[in-house]
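J.: This is the structure I have questions about; it appears just below.
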């Protein structure tokens with residue numbers, strides 16, 4: 041029996057989490073174990089229940105596509121199709137055809153250097169329309185080497201006639217650069233480069249973000265990216281799949297960040313090492329695309345190879361008008377093999393935080409109320425989307441208006457004489473929208489219940505820093521003049 045590091049529920053009869061080690065789908069054969077051939081070794085999967093922490097759930101029958109001879113998971117199906125194989129099992133090494141290759145200003149120059157060194161100075165990329173190059177990391181800086189990286193990308197894209205290069209030239213005003221987008225992972229989604237059933241590889245660990253669209257997406261190194269530039273192919277080992285079933289009505293005070301931190305707290309930062317993490321369940325189905333992106337974005341923090349959410353009507357609606365390229369989604373088969381299955385009753389979860397110095401150092405938010413913090417940073421690929429800022433604005437709004445805790449339905453147009461302006465932030469609070477579109481939403485989207493105020497107006501009244509130019513900001517550190525970078529030691533940083 042496993043134990044939760046900081047469980048919100050203490051009673052074993054009402055705990056929100058269950059784990060099974062499975063050799064086959066929980067819906068399949070009643071045989072106690074099954075073995076498969078993997079790299080000349082016979083690996084046994086056990087159906088032994090090692091932890092019981094969920095309320096009874098109705099049977100969920102996964103969809104399948106086409107005639108199935110060998111049951112496969114979503115990830116196995118995508119890689120099988122991309123490698124032109126009829127079936128795959130975990131441990132198989134296969135050459136896959138890549139649908140999209142992404143790189144940015146940090147890894148792009150190195151990737152380009154490897155490509156030219158291995159294929160020749162005059163070599164052409166395998167497909168100029170399948171390479172997406174997005175400057176986003178060290179952009180708004182006076183550092184000459186950082187600026188040179190973007191120049192290298194620009195020269196290469198001009199030389200190769202790369203169709204999707206989101207350039208920036210005027211660093212003094214990002215809005216003067218219509219092609220510039222911002223954080224690559226959010227931009228990939230907004231610009232229609234994420235499509236169900238495809239293979240998307242990128243030179244960034246959080247490329248797994250795109251798995252929210254029902255595709256295989258993972259981070260790779262410069263060497264692999266350079267090879268893909270020249271061939272359109274990559275050698276991948278098929279990962280086994282961990283399945284996470286999240287059911288129950290999601291409380292209004294929870295976000296997808298709480299869900300993924302809860303999961304990482306359970307399985308640890310090494311719990312999904314070189315494994316696929318598949319997310320299903322009624323809660324996942326209710327999530328918006330931005331929230332699904334948050335869920336998949338952080339699988340790398342658990343060591344995961346990729347994260348994936350089955351495509352549905354929410355996915356298709358998001359993609360409307362964003363891409364003209366046809367796609368074919370896939371779904372796990374009913375008898376697909378899952379290494380383990382975890383079940384969560386989301387209705388019983390609480391907001392959590394990842395305490396220093398590890399994402400799996402999970403703690404309940406209410407248990408950290410007396411922890412002193414020095415700075416607040418809202419932004420980047422995991423927390424810099426429109427819905428992230430909207431959620432933050434709602435929290436600040438409650439403090440600004442000083443609503444009494446007993447008011448469950450505050451006036452949408454509050455009287456300042458009844459609800460005077462209240463609290464201000466007590467520490468520097470930095471806001472970094474992920475993309476130009478998010479920046480525009482922050483300044484133009486009305487926050488429900490605010491009396492017509494936008495996110496930016498609420499942030500200003502709360503005493504936050506003015507929302508800055510979209511980029512990765514201080515997430516990866518960068519040159520000393522990077523916005524919101526600490527530069528000086530601090531006791532704690534959330």
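In this note's numbering, the protein residues as written are 41 to 534.
Glycine is no exception: its CB is placed at the ideal position from the N, C-alpha and C atoms.
1. Residue 222: which of 419, 380, 133 and 500 sits nearest, CA to CA?
2. Could you check what DSSP says for residue 392 in three-state terms: helix, strand or coil?
3. Over what stretch of residues does the alpha helix (DSSP H) that includes residue 40 continue unbroken?
4. Which class does residue 114 belong to by DSSP, given the choice of helix, strand or coil?
5. Does residue 210 pass the burial test, meaning 16 or more other C-beta atoms within 10 Å, or should it be called exposed?
6. Quick one: what does DSSP say residue 383 is sitting in, helix, strand or coil?
7. Taking the alpha-carbon positions, what's the residue 423 to residue 141 distance?
8. Taking all protein chains shown into account, decide if residue 417 is buried (16 or more other Cβ within 10 angstroms of its Cβ) or exposed.
9. Is residue 257 helix, strand or coil when you go by DSSP?
10. Output the residue ranges of the beta strand (DSSP E) runs that lie fully inside the region 311-394 and measure 3 residues or longer, sorted by chain position.
11. Enumerate, from N- to C-terminal direction, the unbroken beta strand (DSSP E) stretches of 3 or more residues contained entirely within the region 178-245.
12. Let me know the secondary structure DSSP gives residue 478 once reduced to three states.
13. Determine the DSSP secondary structure at residue 417, reduced to helix, strand or coil.
14. Closer than 8 Å by C-beta to residue 527: which residues in its own chain qualify, once you throw out the five before and the five after it? Chain order, please.
15. Does the Cβ of residue 123 have 16 or more other Cβ atoms within 10 Å, making it buried, or fewer, making it exposed?
16. Please state the DSSP three-state secondary structure of residue 545.
17. Taking the straight line between their C-alpha atoms, what separation do you get for residue 529 and residue 522?
18. With a cut-off of 8 Å, do at least 3 Cβ pairs link the region 164-173 to the region 131-147?
19. Would a C-beta distance cut-off of 8 Å place residue 136 and residue 276 closer than the cut-off?
20. Taking 7 Å as the limit between beta carbons, can you name the residues of its chain near residue 524, skipping five residues before and five after?
21. Check residue 64 in the structure and name its three-state DSSP category.
22. Touching or not, the region 247-258 and the region 346-359, by the rule of three or more beta carbon pairs under 8 Å?
23. Along the alpha helix (DSSP H) that carries residue 159, what are the first and last residues, could you check?
24. How big is the Cα-Cα spacing for residue 379 and residue 312?
25. Pairing CB atoms from the region 478-495 with CB atoms from the region 421-438, are three or more of them under 8 Å?
26. Where does residue 308 sit, in a helix, a strand or coil, going by DSSP?
27. Relative to the C-alpha of residue 296, which residue among 335, 401, 212 and 322 is closest?
28. Between residue 265 and residue 240, how many whole angstroms is the CB-CB distance? I'm expecting something under 8 Å.
29. Could you tell me the alpha carbon to alpha carbon distance between residue 354 and residue 160, rounded to whole angstroms?
30. One question on the structure: do residue 309 and residue 398 come within less than 8 Å of each other, judged by their Cβ atoms?
T.: Straight from the coordinates:
1. 419
2. In the structure shown, residue 392 sits in a strand (DSSP, three-state: E or B).
3. Residue 40 lies beyond the stretch modelled for the chain, which goes from 41 to 534, so this question has no answer here.
4. helix
5. exposed
6. strand
7. 24 Å
8. buried
9. strand
10. Here the runs fully enclosed are 316-320, 346-348, 380-385 and 392-394.
11. 239-242
12. helix
13. strand
14. Counting only Cβ-Cβ distances below 8 Å, and skipping sequence neighbours, we find 520.
15. Flag for residue 123 reads buried.
16. Here the chain covers residues 41 to 534 and nothing more, so residue 545 does not appear.
17. When the Cα atoms are used, residue 529 and residue 522 turn out to be separated by approximately 16 Å.
18. yes
19. yes
20. 417, 470, 472, 513 and 514
21. Residue confidence is low: residue 64 scores 41 on pLDDT, short of 50, so the model does not pin down where it sits. No coordinate-derived value is stated.
22. yes
23. 148-159
24. 10 Å
25. Taking 8 Å as the limit for Cβ pairs, the verdict is that the region 421-438 does touch the region 478-495.
26. coil
27. 335
28. So it is not a contact: roughly 12 Å between Cβ atoms.
29. 44 Å
30. In this structure, residue 398 lies closer than 8 Å to residue 309 by Cβ.
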